[in-house]
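Protein sequence lines, in the order shown, are assigned to chains B and C.
For the first sequence, the numbering used here begins at 1279 and goes up steadily by one.
For the second sequence, the numbering used here begins at 6 and goes up steadily by one.
One structure is given here, and the rest of the page talks about it.
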Amino acid sequence: MVSERVEKIPPSGIREFFDLVLGMPEVISLGVGEPDFITPWRIREKAITALEEGYTSYTSNKGLQILREEISVHLERKYSLSYHPDREIVVTVGVSEGLDLSLRAILDPKDKVVVISPYYVAYPALVELNLGEVIYIETEEKDGFKINLDKLKRAMKIKPKAIILNYPSNPTGVTYTKEELEDIWEILEKEDILIISDEVYDELTYSGKHIPFPSLKRAKKRTVLLNGFSKGYAMTGFRLGFACGEEKIISAMTKIHSFSMLCAPIISQLAGREALKAQKEVSLMRSEYQKRRDFIVKELNSLGLSTHLPEGAFYCFSSIRKFKLNSLDFAKRLLMEEKVAVVPGRAFGKIYDDYIRISYANSLDNLKEASIRLGRFIEKIN
Amino acid sequence: MEEILEILEDNARISFDDLAKLTNKKVEEVERIVKQYEKKGIIVKYKTLINKERLKEERGVVALIEVNVTPQKDVGFDQVAERIYRFPEVKSCYLLSGTYDLLLVVEGKDIHTVASFVAEKLAPLSSVKGTVTHFMLKKYKEDGVVLVKDEKNKRLAITY
């Protein structure tokens, strides 16, 4: 019944672990990939009003004109990036759909796509669902989990059709400076390759300023910029994102979107328009995450879980190498013995079995309690 | 406002250790800054926000009292305000613009206690022209905290 293509995608090795966590009610979870904040009230209020006013219809496939215009103004104001609201922006159902659309729009069977490891789980899966082949570039702790340029050059020899970038990154929290991005672009520019840049955590950048990939010289034409409202605006459940790029690719993506999704929900779109005006709320959440980050990184390092200071997003990717447990066993025992949930590193790439992902999108009280329990656990296994 | 003050305003019981971690400062430095705030009277006191809505026992009553007063030469409202805020029953006292002058928050063990405070202490003051007393029926939100219901976490416990 099920297609070969779908059958081929390996089941997530940690599904069982996820089920275990979901079945335990009293867990402190540092395994959550979304903000612990509820959507700011002014955005929720807009959604309520939209319903009251009877906004319950479809919108144009590309998304509401007023939202696309607001996105265009936002990108211009924040990053001096200009995208035409009618031709170069499509509103999607989360960044996930934007990613799927961009891959569907460009891939023919056996086309190669570069994915940077550790990766967000959807990247390789979506490439394979679209019959592409994944080329992994593995980043290492010693490089601060940043892309190694030699590895990047080597990967280019296989002539990949696209590369998926994600910064600030899930699961490492790594982001790049302008100079680092320019070095990457210098290699990519010479190739016939499309850059798909997932920048959904851009608002959650703590050190320095976020540099969108298309803002690099001559990179805009070659990039599909994916972003959305889930993380920075705490709107995961609204399922709202957008893709920006050259007219040709955006219209190809819109074509697929018009058949498969039709449009993003109108209530979410109206709320999203309000969200772009809620910059104050966004910056309050950002400074809250930053405090928690500073707190948890110090705690983790002092417990012996070597952890790079993440420059963005809300994750720590911590090493458990010295404890002689693989990431799944570590996570399972931590869950069973201390009721703290983390995500095993192997979920983000086979070779990351010496790491766990810790999300600090949680209250300070919970983070404190979790680090006490972690300390107790480590003492036991050491 | 300073980051340290912001954190303390939300949680006065946080340890210097944690405060230092949160603000990326040394423990001694944080301690020194806080002591200075205390000395300068910027930090006045550390108090606990109690949700009295949840207390089973007698909770007492709270009244907001609007007071119209006659300001006095040279000292304006300050002197009459002082006469009023010195009463221990007065928990808060504000000078406002608008149709009345002072707004008091008065607490007592029951309605009669508050009523006799108004009738016997407040209203007889020569500079008090009139009062309007509002008894508080329910507190929904105080100091930015919603008191009437818990915001439950609706997230799944684990996601990518």
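Backbone N, C-alpha and C fix where the C-beta goes; we use that ideal spot for every residue, glycine too.
| query | result |
| --- | --- |
| Partners in chain C for residue 1307 (chain B), counting only beta-carbon separations shorter than 7 angstroms | 162 and 163 |
| In DSSP terms, what residue 139 (chain C) is bridged to | C:69 |
| Own chain residues within Cβ distance below 8 angstroms of residue 1603 (chain B), not counting five before or after | 1611 and 1659 |
| CB contact below 9 angstroms: residue 1577 (chain B) versus chain C | yes |
| Alpha-carbon spacing of residue 1365 (chain B) relative to residue 1419 (chain B), whole angstroms | 41 angstroms |
| Buried versus exposed call for residue 1627 (chain B) [16 or more other C-beta atoms within 10 Å across all chains shown] | buried |
| Same chain, Cβ closer than 7 angstroms to residue 1591 (chain B), five either side skipped, listed in chain order | 1446, 1447, 1448, 1451, 1479 and 1482 |
| Alpha carbon of residue 1500 (chain B) to alpha carbon of residue 1474 (chain B), nearest angstrom | 9 angstroms |
| Interface flag, residue 126 (chain C) vs chain B, CB-CB below 9 angstroms | no |
| For residue 125 (chain C) and residue 143 (chain C), the rounded distance between their alpha carbons | 26 angstroms |
| Cutoff 9 angstroms: residue 1399 (chain B) Cβ touching any chain C Cβ | yes |
| Neighbour-count burial assignment, residue 1439 (chain B), 16 or more Cβ in a 10 Å radius | buried |
| Interface flag, residue 56 (chain C) vs chain B, CB-CB below 9 angstroms | no |
| C-alpha distance - residue 117 (chain C) paired with residue 11 (chain C), whole-angstrom precision | 39 angstroms |
| DSSP bridge partner residues for residue 147 (chain C) (one or two, in chain order) | C:150 |
| Minimum C-alpha distance to residue 1425 (chain B) - residue among B:1435, B:1437 and B:1393 | B:1393 |
| Closest Cα partner of residue 104 (chain C) within the set C:137, C:42, C:122 and C:90 | C:137 |
| Closest residue to residue 1343 (chain B) among B:1316, B:1329, B:1608 and B:1362 (Cα-Cα distance) | B:1362 |
| Buried or exposed (CB count within 10 angstroms, at least 16 for buried), residue 1568 (chain B) | buried |
| Cβ of residue 16 (chain C) within 9 angstroms of any chain B Cβ | yes |
| Exposed unless 16 or more other CB atoms sit within 10 angstroms - verdict on residue 77 (chain C) | exposed |
| Alpha-carbon to alpha-carbon, residue 68 (chain C) and residue 122 (chain C) | 11 angstroms |
| Where the alpha helix (DSSP H) containing residue 1661 (chain B) begins and where it ends | This structure leaves residue 1661 (chain B) out entirely; chain B is present only between 1279 and 1660. |
| For residue 29 (chain C), the three-state DSSP class (helix, strand or coil) | coil |
| Near-chain B residues of the region 24-45 of chain C - C-beta to any C-beta below 8 angstroms | 26, 27, 28 and 29 |
| Top-ranked residue by Cα proximity to residue 1503 (chain B), from B:1516, B:1509 and B:1477 | B:1477 |
| Exposure of residue 1552 (chain B), with buried meaning 16 or more beta-carbon neighbours within 10 Å | buried |
| Identified DSSP bridge partners for residue 77 (chain C) | C:81 |
| Proximity below 9 angstroms, CB of residue 1520 (chain B) to CB of residue 1341 (chain B) | yes |
| Neighbour flag for residue 1314 (chain B) against chain C, beta carbons, 9 angstroms | yes |
| Residue 1498 (chain B) to residue 1617 (chain B) span [Cα, whole Å] | 46 angstroms |
| Inter-residue Cα distance where the pair is residue 94 (chain C) and residue 135 (chain C) | 18 angstroms |
| Straight-line gap, residue 1594 (chain B) to residue 1642 (chain B) (C-alpha atoms, nearest Å) | 15 angstroms |
| Whole-angstrom C-beta distance between residue 71 (chain C) and residue 108 (chain C), which should lie under 8 angstroms | 6 angstroms |
| Complete beta strand (DSSP E) runs within the region 1450-1535 of chain B (minimum length 3 residues, chain order) | 1472-1476, 1501-1506 and 1519-1522 |
| Residue environment, residue 41 (chain C), which counts as buried when at least 16 other CB atoms sit within 10 Å | exposed |
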